[in-house]
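Protein chains in written order, with my numbering: chain B, 1 to 187; chain G, 1001 to 1622; chain C, 2001 to 2491; chain A, 3001 to 3101; chain D, 4001 to 4499.
Yeah, the Cβ is synthetic: ideal placement off N, Cα and C, and Gly gets one too.
Please read the structure below before turning to the comments.
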Amino acid sequence: MLALTTTWPDLLVFITAAALIVVGALGVISLTNPVHSALSLIITLFGVALSFLEQSADFLAAVEIIVYAGAIVVLILFVIMYLGVDRHPHDEVEPLVGQRVFAALGALVTVGGIITLMAKSHWVTGVMSASMNGTSLSSGQGEITQLGQSVFTTYLVAFEVTAALLIIAVLGAVQLARRDRESEVEQ
Amino acid sequence: MTHAALVTLLAPLVGFLVLVTLRRDASERLVGSVATGAITLSFLAALVTWVGLLHRSSREVTVTLFGWLSTGSLHAPVALLVDPLSVTMMLFVTGVSALIHLYSTGYMQGERDFRKFFAYLNLFVFSMLVLVMADNLVMTFVGWEGVGVCSYWLVAYYFDRDSAASAGKKAFIYNRVGDLGLLIAMFILFSHHTGLGYLQIATSASTHLSGTAATWVVLALLLGASGKSAQIPLFNWLPDAMEGPTPVSALIHAATMVTAGVYLLVRMAPVLALSGSGRTTIAVVGALTAFVAATIATSQKDIKKVLAFSTISQIGYMVLAVGVGAYGAAIFLMVAHAFFKALLFLGSGSVIHSLHGEQDLRKMGALAAVLPWTYPTFLVGWLAISGLPPFAGFFAKGAVLTGAYAHNKTLWALGVVTAVLTAYYMTRLFVLTFRGRARYRDTLDAEPHESPAVMVAPLVVLAVAATFAGALDLPWSHQHTLDTFITSTVGVSASTIGVSGTGQWTLALIDVVVALLGLLAAFSLWRSSTARPALEPRFLERVWYWDDLYDRGLGRPLTRVAEETTRVDDVVVDRVVEGVAGRVSASAAGLKKVQTGLVRHYALGMTLGVSLIVVYLVARVG
Amino acid sequence: MTTLTLPTINYLALAPFLVMAGMALVLLIATALTPSRISTRVATSAAVAAAGSALVITIVQGWQIARHGAQLTAAHSVVMDGFSALATASISSSLIFALLIAHDWEGRERFVGAEYQMLALLATSGAVLMTEANDLAVVFLGLEILSIALYVIIAFNRRRLKSQESSLKYFLLGGFAAAVFMYGAALVYGATGTTNLTSISYFLGANVLVHPGLLWAGGGLMMLAFAFKTQAVPFHFWSPDVYEGAPTPVTGFHASIVWGGAFAAAIRVMVSGLGTQSDTWRPIIWGLIVLSTVVGALFAITQVNAKRLLAYSSVTHSGFIWLGVWAATARGVAASVFYILTYAPTVLGSFAIVALVGGVGDSDHYLVKYRGLARRNPWVGGSLALLLLSQLGVPFTVGFDGKFAVLAASLDAGNVTASVVAMLAAAVAAFAYLRWVASLFAEGDPDVAPLVVPWASRVVIASSVVIVLVFGIWPAPLTHLAQHATLYFQP
Amino acid sequence: MSVPASWYLVLAAVLFGIGVYGFLTKRSVITMLMCVELMLNAVNLTFVTYARTLSDISGQTIVFFVMVVAAAEVTVGLGITVAVFRRRRTTSVDELTEMRG
Amino acid sequence: MHSSWWLTALLLLPLAGVLGVSLTRSRPERARRVALVSVGVEFALSVVVALLYNAHVAQASTWDFGVRWVVSAPLGLAYDVALDGISLALVLLSTLVALVAMLSDRAPRREPAYLAWQLLALDFTVGAFVAHDLLLFFIFFELVLVPSYFMVAQWGGPSARRAAMKFFLYTFVGSAPALVAVIYLGFLHQHEVGGNLSFNYSALSSTVMTSSQAVWIFVGLALAFAIKAPLWPLHSWSPSTYGEAPVAAGAQLAATLSKLGTYGLLRFALALTPLAVKSVTPVVLVLSVIAIVYGSLVAATSRDLRRLAVFSSVAQMGFITLGIFSGSQIGVTGAVVLMVVHGITTLGLFVLIGALERRRGSARLDDVRGLQGAVPVLSGFVTVVAFATIGVPGLGGFVGEFLILLGAFGVHPAYAAVATLGTVGAAVYWLWAYQRAFHGPLSENATGMADASPTERALLWPVVALVVALGVVPAPLLSRVAPSVQQIVAHVTPTGVSR
């Protein structure tokens, strides 16, 4: 089955992407220094971008690198540096009794259950035609065009309201990060 | 005639209402006149009623006043039944009451709550009349309870004496237990569709009641009668009731109320007729009570206590008479007893009055000289109750014993023994009071004096009545005037009893002999002595330990049960609720620890929640 | 060359959102252009005006819907039906209340500027968007607009550490929940091939899924987000901490505006989108109901802090609203909407008083402070007592009518056990309210001065009391409205 | 032909699981934030995979929105973190326990 | 058929009183006058209604003054009031109790508020009694809790707050399942006949259901009612509540509010679920009999008049439930009579408790002796109340108890026989209690105590008069109650135990 449907390069790309993703993710959760975690996150993001590429989502792959790795993680790194929390690595002893066990249990059961449910459903049960006015992902057209069309038709409202989100982000950042001029009195 | 009956009934009520609304500072003369006048009026009206009834062809007259308890199939109107039985009762109740009212105006002079006393007394007479004049059981029950309430008030008249208060309570509660019987009897009758009116019952009992049901009714009635008429097993409230003023003892606890049970049984003769075993039980209870009470009376030291047990014993005779079907004899003895026992009580009241409240026989003696009126009248009463001819007691008791003889020889024998005892204890009482040394001088500083005229006059009237009441129902040539008169009600005539003329003479002779026996024995034993421990065993003095038995067997356990129940209520019932509430708050307090404030715990909780959902979905998808 | 045909947009449907977000933008620009900070009075007026306009617009919407029926617009991603109009109306009026409470609070705390109003408007616009979202993507965006703006205003009071701490907690858990929600949305997308709710329901109506596991997993995960926002146990953990930490005017947001959006979206997704699968998700909601009512009640009775108490109380109330969702019938939806519609003013009125009692600093909310309030300020104390009794479910208050409506709907659909459990839990929770009410009337500290009640709070308290009483005794107008708040699509 | 979609879906699920586990076990706010990013990336991966499987561009479009949301979230989240840090000198969530019960 | 405005006026008048009191609250004396006038007029109005009431309005029904006005169709909420003989009796009782209670009690502080709560309690009680709709009844039934709570908590004894809380929560927990049962029944009916949700009494009473459904509905409703009554063993809220309540509140609670429970049992729990009767009757009868015996036993040990009132009530409630579930028309009629009489005697008892507490600061019986010597008139009143409870004929209590026992005996002789013992129990506990405090030598702490004041006499004489009147001429009450009872009994036992 595997050999029949999958070409070796594809398989190789997948394995690479999967390796990047898993290693990066494990790095995020296992490294104690936030800076290292952030760098590890970038590895995952590259893996995700790679799998986007592999699944003909080229534009998203680019955005993933530029926005995520380029902007978000940099912002995170900036804050880590700004606060200087990298110099205070956290104690690796888990203070909460049973937290890890239950966390592992919860994550495993949830993910395992979801995978089971997916597998029971042959991984996908939807059909393309279900979308009332979705734009089909046809191979002939440029992916960006389709994406653009989708954004400005099906998801026009969604797209427009992201503006509100961005205003909030700006407003919030300003409001939160501003220092009070008057003395800060704990009440 | 119906109007006269109404006046008979309502005059005491009006008297009561007038007394209640009188000004607090009304003079004793006014109060006494109103009270006595009301009862006298009632008595006169009763006479008119009687005469009216005699001139009627129908001997049952129903006077319906208004509908009372009428709902569904229940019809219990306020209605009077004027028939020979009720008229007989009305006559002697109002008559004796009138005399005792008159007596009381003297006896109660200067007492606190004079007005209240007479109000209660009037109310009592009213209730008693309701009891005897009612046309149905429910209304009888009204009077039945009404006399109980008045008795409670009057026994506890000296309420600041704990013994009086307790006695009143005891009387009421014992009566209440008896009332259960009457209630149950009504319930059984009603559930057998006999109706609750006496005339209805008389006509429908034989068709609607099975033998078993009739027996249950009779037993229930007997319970009721034993409560009110102080029979075994509920007799021991009556001696305590002597805590009340002596006129009260005379009226309520000797002449009228305590005979209500007998009246009820006679009234229910149509039902009694259906249950042989029921009647036998009645007869046995009566005979036993007569005997037991008589034994106790031989050893009492309190003049009123002796009379109280004597009353119980005499009522025992009446009940015995009912049980053997000698209804006429029962009523005869009831009337005769009303006269001589009221006489004796009032006489003893006069004695007590003269001794400034002394009731102990040992501290009396030789009063014959100082009480010129009381002494002879008391003498009459003594002879009457002892059963010596020609006094009423001889005839009445004779009738009862004749009935018993015809029915059951054992019961008759018991009755005869009781007759000996009766003569014995009454003679003892008489001797200790009026003969011997003037022992009162040891304890009393003042000189005894005869009572005023208002007190003496009733004594004389009663003495006359006690002497001649025997004429009401003379057995010779089967006259049986009284018996014949009430036959229409009870349906059984003395002439059907079936003792031959010779037999009756023989029995009468035996009665006289045993009475003399007891009399002479007592004379010889008590003329010179005041204390004979051998003849006054503790067993008898303590009333066969009857009170102790109730106290140990019922009173104390019940008190404990009540206390335990209270504890259960405080501890268990409430604690269950508090416990549930406590458990809720405890679990709430325990739960509170879940909210640790640690965001990772919160996230974990959420994750586990999601896991649960996922597990459920996996399980559901199969 | 492909042509781009923009979808037609019914701006009436989007108008409430646009008015709110637009006013936020106007205020933002005004802040940027004016040299000094905008006065609170101006900012409040502007924001209230926007909310008021939104309210008016919903009336027009309702009129339109009554005449032309419900409609989809903007490529079916937005729906305008009776349900969205009523939910939006509830949210808009709640916003007016919340703004008025905040106005007095800002005065006490000496905050100036229009930042709070802007964020409140934006957050509310997110909630409004959720009520009319017909696409999982729009639901998600509405949810995030609402949430992210909330994170900021919860942390608004920079002087209070608790404010920031609670914001951070809420933010972390909210982000977590959002991610789970989106994962669920992705699975639903995979299961049905679309994110549009109408399409989903058509798809499910036309196809019987032999293997519904994927769909169920998606639905189950999405439910977490709704449960999270509506404070259903076990996804409620944030709420007491956030209620306690957040500035009191913001606390009032949760059970009114946030619930308006979250329950609206939950109902739309669960009933309209996944209504065919109700047999599957009902047991999950059953669990939420039982846990929320019981746990909320149990926690409520041990609280000593008014705001925490109200948080747990709203957890219990959330369970009641879920009862209506459980029914998944027109009656159920109407009942839940009615509940939200009436609970919002109740809880906002309560918080208006809590904010007043908290006083300057907005930090001391312990119940002991309420001792004797009804003696010092009879009207305020009496109002609070009434609002609490309404939450307790005493007849002739909206609280009873709401409980009655959801119970009726749930029983009508055959959910006896959960109904009984919920009622018993409500009885347990009664202790919490009653204790509070009792302390209001107790002999208080004579040295405590009576509260000064500024006009804005006065308006809020008076209106909420009027609503609670008038619609408690005469609920017909609201039940009528709720009855007509039908979903555009309901299987 | 590419690898089966199921592989990517499992990969995404695993990534999601790692994110969840990390979120539950890391104490630094910033690391937790990164874990949320991991989860969102799993979501994105799932969407893209389904977009390919269903041959529907919508899945990709939504990824776009998720990214916007992620950016906004991170901005605000870091803002809060900074604000808290100023007062408490810590980014450990375990020390934020002033409110409980 | 009379206009429904009579009932509406009955419901609006106390509310107007509340408004008046709150407007005049700054002048307490004037507020008191306003309150008294409104409750007085209310009483007069209820008397007028009683006189107007026609027991056989239509052949089919005994309901009069009816109107139905739907408030909210989706919720099934309706203003639906009507009177029949049973509710009429209880409405009269409520207004009388409210009037006397208000006259008998003065609050030491914040009296206007106290008066307003009393008026509200009256209003809600009347509302519950005139409700011809299960839901409306339930609403009023619940609502009564609020004024009761405030009256007890704010004007009660030292631990009144706790007591009031316990009372509120206890009853509230009980009514939680009741609401579920109410709604469930409504839907059963709606699903059967279609149309809007309706809780109309007449409509619901013809609902078809299985017997297990009937039992569940019964249990749900009966729990709430049994707690309110209170029926053993759900009485444990009452000692603390009656112990702490101020006199007027205590009178209202014990005399009328408790009747909401028994009324609900009869009117709704029993009459709406005929199929449940067979299976629940034994249970209720056993509980009733236990209540009678148990209440008497505990009452016998009580050293306090308030506690005596509590457990005496428990026993009396046992009689009432015995009557209600006797399945006999006579028994049910007796139960209604006893409800009224118990209300009146309890009212008298609370007025007396108030009188004693004003004089001695407590209604304790074990620290004083010989009161009859000091206060003969008050003692007389106590005696009358006691005898009415004991069931002495000629007083109202006898009529109730006798009818109950008579009716019950025909159907359930064993239960009735045991219950008859309770009549002895009442004598035991009352006479004991009376002897303890009123008999015996006058103790020092009772000397110089003032006897009944003119006001107290003016309040107690009507109570005595009523008790006597009900005992001597019960016909006016019976003739109004019986047709209504007959309808219920005929409905519950169609085969007809008409006895």
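Problem set entry | Expected contact under 8 angstroms - CB spacing of V1324(G) and L1272(G) to nearest Å | About 11 angstroms separates the two Cβ atoms, so there is no contact after all.
Exercise. Beta strand (DSSP E) containing L1074(G): first to last residue?
Worked result: According to the DSSP assignment, L1074(G) belongs to the beta strand (DSSP E) that extends over L1074 to V1082.
Exercise. At a Cβ threshold of 9 angstroms, is A4490(D) touching chain C?
Worked result: Interface flag for A4490(D) against chain C is unset, since no Cβ pair is found closer than 9 angstroms.
Problem set entry | Local Cβ density within 10 Å of A1453(G), reported as buried at 16 or more and exposed below that | When all chains shown are included, A1453(G) counts as exposed.
Exercise. In terms of residue numbering, what span does the alpha helix (DSSP H) encompassing W4216(D) cover?
Worked result: Start and end: S4211 to K4228.
Exercise. How long is the line joining the alpha carbons of S3006(A) and V2420(C), rounded to whole angstroms?
Worked result: Near 45 angstroms, if we compare the C-alpha coordinates of V2420(C) and S3006(A).
For this session: State the Cα-Cα distance for the pair D4123(D) and A4164(D), rounded to the nearest angstrom.
Result: So the two alpha carbons sit approximately 20 angstroms from each other.
Exercise. Starting from A4254(D) and walking both ways along the beta strand (DSSP E), at which residues does that stretch end?
Worked result: Neither: A4254(D) is in no beta strand (DSSP E) and is coded neither H nor E.
For this session: Inspect the beta-carbon positions of L41(B) and E3073(A) and report whether they are closer than 9 angstroms.
Result: It is not a contact, given that the beta carbons lie outside the stated cut-off.
Exercise. Any contact of the segment 99-119 of chain B with the segment 3010-3018 of chain A, i.e. 3+ C-beta pairs under 8 angstroms?
Worked result: As far as the Cβ criterion goes, the segment 99-119 of chain B touches the segment 3010-3018 of chain A, which means the pair count is three or higher.
Exercise. First and last residue of the beta strand (DSSP E) that includes T2073(C)?
Worked result: Q2071 to T2073 is the span of the beta strand (DSSP E), which, as asked, contains T2073(C).
Exercise. What's the call for T3081(A), buried or exposed, on a 16-neighbour Cβ count within 10 Å?
Worked result: It is buried - the Cβ of T3081(A) has at least 16 other Cβ atoms within 10 Å.
Exercise. Could you give the distance in angstroms between the alpha-carbon of L2168(C) and the alpha-carbon of L166(B)?
Worked result: Each residue's alpha carbon lies about 19 angstroms from the other.
Problem set entry | Chain-ordered residues of the segment 1570-1601 of chain G with a beta carbon less than 7 angstroms from chain A | The residues in question are K1592, Q1595, T1596, G1597, L1598, V1599 and R1600.
For this session: May I ask you to report which of helix, strand or coil DSSP gives D2530(C)?
Result: Examination of residue 2530(C) is not possible in this model, given that chain C is present from 2001 through 2491 alone.
Problem set entry | From V2112(C), L2014(C), M2080(C) and I2057(C), residue whose alpha carbon lies closest to that of V2042(C) | Distance check between V2042(C) and each of V2112(C), L2014(C), M2080(C) and I2057(C) places V2112(C) closest, using alpha-carbon atoms only.
Exercise. Any beta-carbon of chain A closer than 9 angstroms to the one on L1604(G)?
Worked result: Yes, because at least one Cβ of chain A sits closer than 9 angstroms to the Cβ of L1604(G).
For this session: Determine whether the Cβ of T4333(D) lies closer than 9 angstroms to any Cβ atom of chain F.
Result: The structure shown contains no chain F; its protein chains are B, G, C, A and D.
Exercise. When the Cβ atoms of the segment 1222-1232 of chain G are set against those of the segment 1247-1266 of chain G, are three or more pairs found closer than 8 angstroms?
Worked result: Output reads yes: the segment 1247-1266 of chain G touches the segment 1222-1232 of chain G.
For this session: Would you grab the beta carbon distance between A1326(G) and G1403(G) for me? Rounded to a whole angstrom, and I think it's under 8 angstroms.
Result: Indeed they touch by this definition, with Cβ atoms about 3 angstroms apart.
Exercise. Since S4236(D) contacts V1573(G) with CB under 8 angstroms, what's their CB separation in whole angstroms?
Worked result: The C-beta distance from S4236(D) to V1573(G) rounds to 5 angstroms, short enough to meet the 8 angstroms contact threshold.
Problem set entry | Of the residues V2453(C), I2285(C), V2468(C) and F2471(C), the one placed nearest G2225(C), counting alpha carbons only | The amino acid occupying residue 2225(C) in the given sequence is Ala; Gly does not appear at that position. When V2453(C), I2285(C), V2468(C) and F2471(C) are compared, the shortest CA-CA separation from A2225(C) is found for I2285(C).
Exercise. Do L2100(C) and T2044(C) come within 9 angstroms of each other at the CB atom, strictly closer than that value?
Worked result: Result yes, Cβ atoms of T2044(C) and L2100(C) sit closer than 9 angstroms.
Exercise. Residues in its own chain within less than 6 angstroms of F4150(D) by CB, not counting five upstream and five downstream?
Worked result: Here the set comprises W4117.
Exercise. When we look at the beta-carbon of Y1997(C) and count the other beta-carbons within 10 Å, is it buried (16 or more) or exposed?
Worked result: The structure shown does not extend to residue 1997(C), since chain C spans only 2001 to 2491, so no value can be given for it.
Exercise. Which whole-angstrom value describes the C-beta separation of S4484(D) and G4194(D), a residue pair presumed to lie in contact below a C-beta threshold of 8 angstroms?
Worked result: Actually they are not in contact, since the Cβ atoms of S4484(D) and G4194(D) sit about 29 angstroms apart, beyond 8 angstroms.
Exercise. Helix, strand or coil: how does DSSP classify Y4184(D) here?
Worked result: Here DSSP, grouped into helix, strand and coil, assigns Y4184(D) to helix.
Exercise. Along the chain, which unbroken stretches of the beta strand (DSSP E) at least 3 residues long are found entirely within the segment 2284-2372 of chain C?
Worked result: Counting only runs of 3 or more, we get nothing.
For this session: Would you mind telling me which residues of chain C sit closer than 8 angstroms to L165(B), beta carbon to beta carbon, in chain order?
Result: In chain order, L2141, E2144, I2145 and I2148 make up the part of chain C whose C-beta sits under 8 angstroms from the C-beta of L165(B).
Exercise. Roughly how many angstroms lie between the CA atoms of L4231(D) and V2128(C), to the nearest whole one?
Worked result: Taking the straight line joining both Cα atoms gives about 52 angstroms.
Exercise. At least one CB of chain C closer than 9 angstroms to the CB of G1609(G): is that the case?
Worked result: With 9 angstroms as the cut-off, G1609(G) counts as an interface residue toward chain C.
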